[in-house]
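Undergrad: Following this message is one structure expressed as structure tokens.
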Amino acid sequence: ALPFRVHQGAITDTPPVEVLQKEVAFEVDEVVVGGGKRVTERRATAWQSAQDDGLSFVYSQKEMQPSSQGYTPHVARVAAACSAIATADLQTPTTYDGVLLNLYP
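The opening position of the sequence shown corresponds to residue 1 in UniProt numbering, with each subsequent residue numbered one higher.
See below:
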């Protein structure tokens, strides 16, 4: 069994990818993989946090700084929907303080 639940189709009001591409500052960066080799990611990424709290996100020796504006409008709506689903599922108030966005070619 998976350590999480899948809620397929639970969020129906998602913006088109083209809208997010205009709203979110996606970047393609390098990461460090096995053996210390640096490679360019095959996806574009962005990190947003709910408020300008300065929380960064780090993986594969790549540190992403949050957007200075907090969540963009469409990301805020999706994050709120995820919080509502998690709150109902866990039966305890749940909020997310950050969102990692991935844009695949």
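Cβ atoms here follow ideal geometry from the backbone N, Cα and C, with glycine treated the same way.
For a test of the three-state rule: what should DSSP assign to Arg42, helix, strand or coil?
TA: Of the three classes helix, strand and coil, the one that applies to Arg42 here is coil, per DSSP.
Undergrad: Nearest to Ala10 by alpha carbon, out of Leu55, Val32, Ala88 and Gln69?
TA: With distances taken between Cα atoms, Ala10 lies closest to Ala88.
Undergrad: Expressed to the nearest angstrom, what Euclidean distance is found between the alpha-carbon atoms of Gly36 and Ser56?
TA: Distance between the alpha carbons of Gly36 and Ser56 is about 22 Å.
Undergrad: Figure out for me which residue from Asp13, Glu27, Gly54 and Val58 has the closest Cα to the Cα of Gly70.
TA: Of the listed residues, the one whose Cα sits closest to Gly70 is Gly54.
Undergrad: Looking at Ala44: is its Cβ nearer than 7 Å to the Cβ of Ala25?
TA: Taking 7 Å as the Cβ cut-off, Ala44 and Ala25 do not qualify as a contacting pair.
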